[in-house]
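Take a look at the structure set out below.
Residue numbers (my numbering): 256 to 362.
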């Protein structure tokens, strides 16, 4: 029996659910807390924008958490999305070194 694969959850949605919802803040209040325009925060929550360095720093500063934690959420999401789309292609194209010999490189 194969297990159903769920699509990865965008980190903006994770940040919203795990950090802002428990504080009973709406998106406008959250944006004000981060000192960004409300549309920018809404785009993050809606999965239309990424957690970049500045956003990670703002979130980290507000919640007193290392910004890298938020960057890691984004990186994990990006990797899962990439795997769903490209992993099989790369696996067909690139053979492990152990399968082709230590010195042999094939075009």
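Ideal placement from N, C-alpha and C gives every residue a C-beta, glycine not left out.
A quick note: this is a predicted structure, and the numbers were derived from the prediction, not measured.
By the 16-neighbour rule on beta-carbons within 10 angstroms, residue 300 is buried. By the Cβ-count criterion, residue 306 is buried, with 16 or more other Cβ atoms from all chains shown falling within 10 Å of its own Cβ.
In the structure shown, the three-state DSSP call for residue 301 is coil. Straight-line measurement puts the Cα of residue 266 at about 12 Å from the Cα of residue 336. In the three-state DSSP reduction, residue 342 falls in the helix class (H, G or I).
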